[in-house]
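Below is one structure, written out as structure tokens; comments come after it.
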Amino acid sequence: MTYIRSFLNIVALPLILLFIWFLATLGEASFFVPTPQLLVETFINTWTAERFAGDVFPSLGRLMVGIALSIVIGIVGGLLIGSFRWLRALLEPTLEFFRAIPPTVLIPVLMLLVGIGDEMKVSVIVLGAVWPILLNTIEGVRSMDEVLADTSRTYGMNKVNTVRYLILPSAMPQIMAGIRQSLSIALILMVISEMFASTEGLGFTIVQFQRSFAIPEMWSGIVLLGLIGVVLSFIFQLAERWILGWYHGLREIEQSA
Amino acid sequence: MTSAHSQPTNPVISQSSIQDTPDGRIPVGRTMPDEQPMLSVQNLKKVYHTDGGDIEAVRNLTFDLPKGQLACLVGPSGSGKTTLLKCISGLMAPSAGEVTLHGQKVTGPPKSMAVVFQEYGRSLFPWLRVAENVELPLKNQGMDKSARKDAVEQALEAVGLAHVPKSYPWQLSGGMQQRVAIARAVAYQPEVLLMDEPFAAVDAQTRADLEDLVRGIWKKLGVSVLFVTHDIDESVYLGERVIILSSSPTIIQEDVLVDLPADRDQLETRSSQRFAELRHHVYEQIQLAKKGFRPEDAVAMK
Chain A
1 MTYIRSFLNI VALPLILLFI WFLATLGEAS FFVPTPQLLV ETFINTWTAE
51 RFAGDVFPSL GRLMVGIALS IVIGIVGGLL IGSFRWLRAL LEPTLEFFRA
101 IPPTVLIPVL MLLVGIGDEM KVSVIVLGAV WPILLNTIEG VRSMDEVLAD
151 TSRTYGMNKV NTVRYLILPS AMPQIMAGIR QSLSIALILM VISEMFASTE
201 GLGFTIVQFQ RSFAIPEMWS GIVLLGLIGV VLSFIFQLAE RWILGWYHGL
251 REIEQSA
Chain B
1001 MTSAHSQPTN PVISQSSIQD TPDGRIPVGR TMPDEQPMLS VQNLKKVYHT
1051 DGGDIEAVRN LTFDLPKGQL ACLVGPSGSG KTTLLKCISG LMAPSAGEVT
1101 LHGQKVTGPP KSMAVVFQEY GRSLFPWLRV AENVELPLKN QGMDKSARKD
1151 AVEQALEAVG LAHVPKSYPW QLSGGMQQRV AIARAVAYQP EVLLMDEPFA
1201 AVDAQTRADL EDLVRGIWKK LGVSVLFVTH DIDESVYLGE RVIILSSSPT
1251 IIQEDVLVDL PADRDQLETR SSQRFAELRH HVYEQIQLAK KGFRPEDAVA
1301 MK
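Heads up: the protein sequence lines correspond to chains A and B, in order. Following my numbering, the numbering of the first sequence begins with 1 at its first residue and continues without gaps. Following my numbering, the numbering of the second sequence begins with 1001 at its first residue and continues without gaps.
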């Protein structure tokens, strides 16, 4: 029963929206808004195995590398900056400066500096997606429980073990919250980075459709982007439940008490 | 309880004594001139520097803890008990004076010391299971896996928690969580065990069980225990000696030997006449401390 219910919860709103869309396009359909039937048809015809291999997978590959780099740089940098007061004092104003720069305006510069290949696109993703992870990690390290830190010190925990068993897990709830934000930023930047000087990729393809007035095809690309977002968030939730199982259990008990 | 303004010293308590320091001003606790004490606190002073000015938490404390003794530190709330314990455990540097362990000055948390904190919920790693919590300090020491497993099992057995190694600490009751913290300290095999009001946050019945557990472990392991509490009954029931602290800025009000039999029982011991006398005496001293009586004045008057 509970499975059926949660399944209904997931599909209810999409079904309602589809129905509204269906009704709205029943009569004279606008050239710019295809009917649901047409969109499904177009989707199947457009996103063939070939297109997946040529455009979608390269995009996803860059997205994954970008996210992975953001996570690694964000966590390592955050651990360092959060652990040393002097480093934080030294870097924080400068970090705010760089954080305020939209990565998209750096694309032309990056094209000159690192070329127009994958490196540029991955750089754009990292430049935008690293901030939530970095800042949340710093905050997570700083908000360490004092008693827990004292406990680790009294047991003479060495540096490696302190990071592994104390600092990292204690900052993990905040780190995960940062990663969650970074995922959507990364997806947006993946698309944008492919709109410049590209010959393949999801963003490139969608813009091509737009420019050639292939409206249903363009919409099908947008739908695919949305679906990728859903899958990303689903994978993230699975990972989070696994990594932060202790945190959710603890929260549940604290709230019921 | 009787009124607090009775005489400062009860004649029944023959062991209670305060030694005079050479300058005759600050009273000190028992020190051990002949044999080397396990843990020694000498003229310890701690001043916190805040924006609102300096706060003198601990003025001058001197006492020794011999090997294998269970001593209780008791004092009115705000008497700098936690500050003192932090200085002894090397978590905080004293402003003056020193703490020595086996004659060596304590500058950071010593290897042979374990601390059990009051906030059990914040001293256990919530992301580690019970057995992993107990195991972590041993892992950090580089003990090999099978030895670790045995030590963890034994420690959990000793605190009566052998049945929940796979639980997370937050799934357990408060008393059980504090048992996990004690098991972790026991498995670490310290020479000195510091306990900072460990049972202040558990209910009365659990508390009695935990008190007996601490007595049992102390006897079995021969470890020196310094037990900080604000509970007078607890200090007399548990300790072989009760060090009474004055109100802040803290000095030692009195150092009382507890001559109760070694085998203690929640019912028998607590209803014995001697227990009542000792409790009465300690209570009186605490009341005096609360009122601002300072033993250095008494010593100075002598």
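The beta-carbon is built from N, C-alpha and C at its ideal position, and this holds for glycine as well.
According to the DSSP assignment, B/N1133 belongs to the alpha helix (DSSP H) that extends over V1130 to Q1141. Rounded to the nearest angstrom, the Cβ distance from B/I1252 to B/G1029 is 5 Å, consistent with a contact under 8 Å.
With respect to chain B, the C-beta atom of A/G249 has a partner C-beta closer than 8 Å.
Scanning B/S1089, B/A1276 and B/Q1177 for the CA closest to the CA of B/M1195 turns up B/S1089. Nearest neighbour of B/V1256 by Cα position, chosen from B/T1050, B/Q1285 and B/G1216, turns out to be B/Q1285. At a C-beta separation below 9 Å, A/N161 has these neighbours in chain B: L1136, K1139 and N1140. By DSSP's assignment, B/Y1048 forms a beta bridge with B/I1055. Between B/L1210 and B/V1180, the gap from beta carbon to beta carbon reaches 8 Å or more. Distance between A/L18 and B/A1131, taken at the CA atoms: about 52 Å.
The alpha helix (DSSP H) runs of length 4 or more contained entirely in the segment 1215 to 1271 of chain B are, from start to end of the chain, 1232 to 1238 and 1268 to 1271. A contact is defined here as three or more CB-CB pairs under 8 Å, and the segment 134 to 146 of chain A fails this definition with respect to the segment 196 to 209 of chain A. One finds D150, R153 and T154 in chain A with Cβ atoms closer than 9 Å to the Cβ of B/L1091, taken in chain order.
DSSP places B/D1196 outside any alpha helix (DSSP H); the residue lies instead in the beta strand (DSSP E), whose first and last residues are V1192 to D1196. DSSP places A/D145 outside both helix and strand once states are collapsed to three, so it counts as coil.
Residue pairing by DSSP puts B/S1040 in a beta bridge opposite B/D1064 and B/T1100. Its chain contains A1114 and P1137 as the residues whose beta carbon lies nearer than 6 Å to that of B/Y1188, once the 5 sequence neighbours on both sides are disregarded; these appear in chain order. The C-alpha of B/D1233 is placed about 9 Å away from the C-alpha of B/A1276.
Among the residues of chain A, those whose CB is under 8 Å from the CB of B/K1111 are G156, following chain order. For B/L1070, the enclosing beta strand (DSSP E) has its first and last residue at L1070 to V1074. Here B/A1114 carries a strand assignment [DSSP, helix/strand/coil]. For the pair of segments examined, the segment 1259 to 1269 of chain B was found not to touch the segment 1105 to 1113 of chain B: the number of CB pairs separated by less than 8 Å stays below three. Here DSSP, grouped into helix, strand and coil, assigns B/V1159 to coil. Separation of the CB atoms of B/L1156 and B/C1087 is rounded to 31 Å, and the pair is thereby denied contact status at 8 Å. Listed in chain order, the positions of the segment 132 to 149 of chain A with a beta carbon within less than 9 Å of a beta carbon of chain B are D145, E146, V147 and L148. Under the three-state reduction of DSSP, A/K121 is assigned to helix. Pairwise C-beta distances place the segment 97 to 104 of chain A in contact with the segment 124 to 139 of chain A, as three or more of them are shorter than 8 Å.
Distance from B/Q1177 to B/G1121 at the Cβ level is roughly 6 Å; contact confirmed, criterion being Cβ atoms closer than 8 Å. Any Cβ of chain B closer than 8 Å to the Cβ of A/P108 would place that residue at the interface, and such an atom is absent. Around the beta carbon of A/F213, fewer than 16 other beta carbons sit within 10 angstroms, so the residue counts as exposed. When DSSP states are grouped into helix, strand and coil, B/K1105 belongs to the strand group. Chain-order list of chain B residues neighbouring A/P169: F1125, P1126, W1127 and L1128, by C-beta distance under 9 Å.
Excluding five sequence positions before and after B/Q1118, the CB atoms of its chain that fall closer than 7 Å to its own CB belong to D1196, E1197, P1198, A1200 and A1201, given in chain order. 8 Å or more divides the Cβ of B/S1123 from the Cβ of A/L168.
Using a CB distance below 7 Å, the part of the segment 1182 to 1193 of chain B facing chain A consists of Y1188, ordered along the chain.
Against chain B, the CB of A/I235 has no partner CB under 8 Å away; the residue lies outside that interface. In the three-state scheme derived from DSSP, where H, G and I count as helix and E and B as strand, A/V130 is classed as helix.
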